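J.: Just so it is clear: in the sequence shown, position 86 is 85 by numbering that gives the first Met the number 0, and no numbers are missing.
Beta carbons are placed, not taken as given, at the ideal position from N, Cα and C, and that holds for glycine.
Small disclaimer: the values here were computed from a predicted structure and weren't measured.
One structure, as structure tokens, below. Some questions next.
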Amino acid sequence: MSYPEWRRALEEVVSAGLREHRAAQVAAALSAEAARVAKAPTRAPTAGPPAPARTEPVPTDPLKLVVTSPVMGVDACAAGWVGVVLRPDLPPAVLVSATTAGLLDLARETGPVSVMAVDIPIGLPDDSARLADALARAAVPGKGSSVFTTLTRAAYLAASYEEARAANLAATNGERSASAQAHALRGKILEVDAWLRTEPAVEVIEVHPEVSFARIAGAPLATRKKDAAGAAERWTALAAVGFTAPPYYRGSGFAEDDLLDACAAAWTAARYARGAAESLPPVPEVFSDGLAAAIRV
Numbered sequence: 000m001s002y003p004e005w006r007r008a009l010e011e012v013v014s015a016g017l018r019e020h021r022a023a024q025v026a027a028a029l030s031a032e033a034a035r036v037a038k039a040p041t042r043a044p045t046a047g048p049p050a051p052a053r054t055e056p057v058p059t060d061p062l063k064l065v066v067t068s069p070v071m072g073v074d075a076c077a078a079g080w081v082g083v084v085l086r087p088d089l090p091p092a093v094l095v096s097a098t099t100a101g102l103l104d105l106a107r108e109t110g111p112v113s114v115m116a117v118d119i120p121i122g123l124p125d126d127s128a129r130l131a132d133a134l135a136r137a138a139v140p141g142k143g144s145s146v147f148t149t150l151t152r153a154a155y156l157a158a159s160y161e162e163a164r165a166a167n168l169a170a171t172n173g174e175r176s177a178s179a180q181a182h183a184l185r186g187k188i189l190e191v192d193a194w195l196r197t198e199p200a201v202e203v204i205e206v207h208p209e210v211s212f213a214r215i216a217g218a219p220l221a222t223r224k225k226d227a228a229g230a231a232e233r234w235t236a237l238a239a240v241g242f243t244a245p246p247y248y249r250g251s252g253f254a255e256d257d258l259l260d261a262c263a264a265a266w267t268a269a270r271y272a273r274g275a276a277e278s279l280p281p282v283p284e285v286f287s288d289g290l291a292a293a294i295r296v
């Protein structure tokens, strides 16, 4: 992301109404990224003696899919969860289960899984918004509505939407109510939150498919993933980075857009497994639940 884009990200966060100390945290994260970009070399190295013949593989494009260990990308669907498993030298495998725990068990029937990337908020705030959501929203200008602001833990624990709105207002000193979009995934969010407390023997990270697709394509995708043109654009973007499409695009309990999101999540999981993924924010926040709150891309 370029320096002007990070500056626009800061402006969006501030205009969204985060409290001053939250905006300062975002500014620090953005400034750190701007400093990193500024330090990057811009000139070709001066000529020198011929380099010795390489015996190790040439580093690959960081956007290209390179599967170094088995990973799985996961998205919520009507049946529960759909997962796309990537293993070295094997085609993608599609799995469906009612729960994330069940999905991991299915994947392990054919081998271990090192990283599980899930399109769901991980790390629920106590009295504020999350930097992860603000930075992810800024990373997809024009598509910011695809990134909802995660509610506070108290709001998700409330029994009804009306109670959730009241709880979120109380927790944020009257600054934020609860959007219907953020509350709609309450059951899935609490399921993953409870499952992570069982300490599953797999590294679980949070992703956002539209942010991943924006990174894959070099810019946010303006098309809708539920439309034929939008689905085609996303499959094309995945193919361009070496992602082989699954043998079918929809199945019992999941739609094509669910599978697309799971594929984007799997791409990020593979990047994370080989140390190429980025973190929004660079240093994850940690709330009272002790979970790292960051969106990986």
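(1) Can the beta-carbon of asparagine 167 be found closer than 8 Å to that of alanine 154?
(2) Straight-line CA distance for glutamate 297 to proline 69?
(3) Should valine 297 go down as buried or exposed, given a rule of 16 or more other Cβ atoms within 10 Å for buried?
(4) Looking at the secondary structure, which residues open and close the beta strand (DSSP E) in which glycine 79 lies?
(5) Would you grab the beta carbon distance between threonine 149 and leucine 123 for me? Rounded to a whole angstrom, and I think it's under 8 Å.
(6) Please determine if the segment 267-284 and the segment 176-193 are in contact, where contact requires at least 3 C-beta pairs separated by less than 8 Å.
(7) For alanine 269 versus valine 66, is the C-beta distance shorter than 8 Å?
(8) Check the DSSP bridge columns for phenylalanine 309 and list the partner residues they point to.
(9) Quick check on this structure: which residue in Ala77, Pro111, Arg214 and Gly101 has the alpha carbon closest to the alpha carbon of proline 87?
(10) Mind the definition here: the segment 128-144 touches the segment 78-94 only if three or more C-beta pairs lie below 8 Å; say whether that holds.
(11) Alpha carbon to alpha carbon, what distance is there between serine 176 and tryptophan 234?
(12) Let me confirm a value: tyrosine 247 is counted as buried when at least 16 other C-beta atoms fall within 10 Å, else exposed. Which label applies?
(13) With C-beta atoms as the reference, is proline 140 less than 8 Å away from isoleucine 188?
(14) Counting along the chain, where does the alpha helix (DSSP H) carrying arginine 107 start and finish?
(15) Go ahead and pull the three-state DSSP assignment for arginine 295.
(16) Measure from the alpha carbon of proline 90 to the alpha carbon of each residue in Pro245, His207, Ala272 and Gly274, then state which is nearest.
(17) Around the C-beta of serine 145, are 16 or more other C-beta atoms found within 10 angstroms, so that it is buried, or is it exposed?
(18) DSSP puts alanine 116 in a beta bridge; with which residues?
(19) Which residues bound the beta strand (DSSP E) around valine 311?
(20) Which same chain residues end up closer than 7 Å to lysine 142 when comparing Cβ atoms and leaving out the 5 residues on each side of it in sequence?
(21) What beta strand (DSSP E) runs, 3 residues minimum, are completely inside the segment 160-245?
(22) Taking only runs of the alpha helix (DSSP H) that begin and end inside the segment 125-162, which ones reach a length of at least 4 residues, in chain order?
(23) Does the beta-carbon distance from valine 81 to valine 117 come in below 8 Å?
(24) Measure the CB-CB distance between leucine 237 and isoleucine 204 and report whether it falls below 8 Å.
T.: Reading from the atomic positions:
(1) Position 168 of the sequence shown, counted from the start, is the residue given in the question as residue 167. Position 155 of the sequence shown, counted from the start, is the residue given in the question as residue 154. Closer than 8 Å, so yes.
(2) With the chain running from 0 to 296 in the structure shown, residue 297 is simply not present.
(3) Residue 297 lies beyond the range of the chain shown here (0 to 296); nothing can be said about it.
(4) Translated into positions along the sequence shown, residue 79 becomes position 80. Its beta strand (DSSP E) spans residues 79-85.
(5) In the sequence shown, counting from the first residue as 1, residue 149 sits at position 150. In the sequence shown, counting from the first residue as 1, residue 123 sits at position 124. Yes, threonine 149 and leucine 123 are in contact; Cβ-Cβ is about 7 Å, under 8 Å.
(6) The segment 267-284 makes no contact with the segment 176-193: fewer than 3 CB pairs, one atom from each, lie closer than 8 Å.
(7) In the sequence shown, counting from the first residue as 1, residue 269 sits at position 270. In the sequence shown, counting from the first residue as 1, residue 66 sits at position 67. Yes, the Cβ-Cβ distance between alanine 269 and valine 66 is below 8 Å.
(8) Given a span of 0 to 296 for the chain in the structure shown, any question on residue 309 remains unanswerable.
(9) As a first step, residue 87 must be located in the sequence shown, where it is residue number 88. When only C-alpha atoms are compared, the closest one is Pro111.
(10) Judged by Cβ distances under 8 Å, the segment 128-144 makes no contact with the segment 78-94, as fewer than three pairs qualify.
(11) Position 235 of the sequence shown, counting from 1, holds the residue named residue 234. Position 177 of the sequence shown, counting from 1, holds the residue named residue 176. Straight across, the Cα-Cα distance linking tryptophan 234 with serine 176 is about 36 Å.
(12) As a working mapping, residue 247 is identified with position 248 in the sequence shown. By the 10 Å Cβ count, tyrosine 247 comes out exposed.
(13) Counted from its first residue, the sequence shown places residue 140 at position 141. Counted from its first residue, the sequence shown places residue 188 at position 189. No Cβ-Cβ contact shorter than 8 Å links proline 140 with isoleucine 188.
(14) Looking up residue 107 in the sequence shown gives position 108. 99-107 is the extent of the alpha helix (DSSP H) around arginine 107.
(15) As a working mapping, residue 295 is identified with position 296 in the sequence shown. Strand.
(16) Here residue 90 corresponds to residue number 91 of the sequence shown, with the count starting at 1. The residue with the shortest Cα to Cα distance from proline 90 is Pro245.
(17) In the sequence shown, counting from the first residue as 1, residue 145 sits at position 146. Looking at its Cβ environment, which holds 16 or more other Cβ atoms inside 10 Å, serine 145 is buried.
(18) Position 117 of the sequence shown, counted from the first residue, corresponds to residue 116. Gly72 and Ile204.
(19) Since the displayed the chain opens at 0 and closes at 296, residue 311 lies outside it and no answer follows.
(20) Counted from its first residue, the sequence shown places residue 142 at position 143. So the list reads Glu209 and Pro219, once near-sequence residues are dropped.
(21) 202-206
(22) Whole alpha helix (DSSP H) segments, 4+ residues: 130-137 and 152-156.
(23) Working through the sequence shown from its first residue, we reach residue 81 at position 82. Working through the sequence shown from its first residue, we reach residue 117 at position 118. Against a cut-off of 8 Å, the Cβ pair of valine 117 and valine 81 comes out as no contact.
(24) Within the sequence shown, numbered from 1, the residue matching residue 237 stands at position 238. Within the sequence shown, numbered from 1, the residue matching residue 204 stands at position 205. Leucine 237 places its beta carbon 8 Å or farther from that of isoleucine 204.
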